Structure formats: C-alpha cells, structure tokens
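One structure is given below, encoded as structure tokens.
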C-alpha cells in the first residue's frame with residue numbers, strides 16, 4: 001500500500017495539481033488585495049465615496065454600545081445582517097480570478113505544441129464504395 005501511495009504521489013499530474021493549488025492560493029491573496037485595495041475604492045469613488053465593504057442590511061437588534069453603522073463590530077457581535085457589500089466585493093474578486101485563469105489557460109493552450117494530426121481515415125462514401133465493389137465481385 002505504501003509503494004502504491006508513493007507511485008501515486010510521484011505521478012506528474014499530482015505534482016502539477018499540488019503546484020497549481022499552492023500558486024492558486026497565493027494568487028487568490030493578490031486578487032483579494034487588488035479587489036479590496038484598488039478596485040473597490042475606485043468603484044466607491046466613482047459612486048460618490050461609497051465604501052461597499054461596509055454596506056449591509058440589519059435584520060436583528062443592535063446590542064448596547066455598538067454603533068448601527070459599524071459593520072465590523074456588528075458582525076463580531078453576531079448581529080443578524082445581510083452584508084451585500086462584502087458579497088459584491090467577493091463576486092468581483094471571483095470574476096477577476098476567473099478571467100485571469102481563463103487567460104492563462106488560453107495562453108497555455110496556444111503555447112503548448114500539439115502533436116501532428118492523426119491521418120484521416122476513409123470517408124463514409126469511400127467505405128460504402130468499397131463495400132459496393134466487394135459485393136459486385138461476389
């Protein structure tokens with residue numbers, strides 16, 4: 001069993017997957033920073049200084065001593081609310097990540113050499129013609 005596991009790990013696809021997961025995790029932090037630190041402030045500025053990360057709808061009671069506009073404190077206190085601003089940020093983050101992965105896959109497919117095309121077999125008409133000719137001989 002140990003030798004089978006070692007053989008499984010040694011396969012190229014498993015190692016490629018491991019490298020992809022590690023790089024993907026690192027890239028996700030870059031994408032999160034890009035979204036939170038550059039794109040969303042720019043979007044907020046375009047929409048008149050709106051900070052989307054703290055946009056929410058309260059669903060529950062506000063505890064004593066916490067401001068009704070302090071999203072982080074309300075979330076920490078466990079107040080029921082819909083954080084649509086954080087959701088919008090996550091969606092933009094996902095779209096950026098998906099687009100970059102799309103571009104990467106497109107580039108890899110373009111760069112990778114493809115083997116020569118397999119020779120095309122006879123067409124359907126050619127096969128039917130051969131069958132007809134063989135039947136005529138008999």
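Numbering (the UniProt record's numbering), first residue to last: 1 to 138. Quick reminder that beta carbons are idealized off the backbone N, C-alpha and C, glycines included. In this text the structure is predicted, and so the values were computed from the model without any measurement.
Suppose the cutoff is 6 Å on Cβ atoms and the five residues either side in sequence are ignored; what does the same chain contact list for residue i look like?
i: residue 71; result: 54, 56
i: residue 51; result: 44
i: residue 62; result: 68
Counting along the chain, where does the alpha helix (DSSP H) carrying residue i start and finish?
i: residue 72; result: 71-76
i: residue 112; result: Note, residue 112: premise wrong, no alpha helix (DSSP H); not H, not E.
Quick check on DSSP: helix, strand or coil for residue i?
i: residue 66; result: coil
i: residue 1; result: coil
i: residue 128; result: helix
i: residue 151; result: Only positions 1 to 138 of the chain appear in the structure, and residue 151 is not among them; the question remains open.
Between which residues of its own chain and residue i is the CB-CB distance below 7 Å, once the five residues before and five after are set aside?
i: residue 108; result: none
Tell me whether the region 58-76 and the region 23-38 touch, counting them as touching only if at least three CB pairs, one residue from each stretch, are closer than 8 Å. no
Counting beta carbon pairs with one atom in the region 92-111 and one in the region 14-31, are three or more of them shorter than 8 Å? yes
List in chain order: all unbroken beta strand (DSSP E) runs of 3+ residues lying wholly within the region 10-54. none
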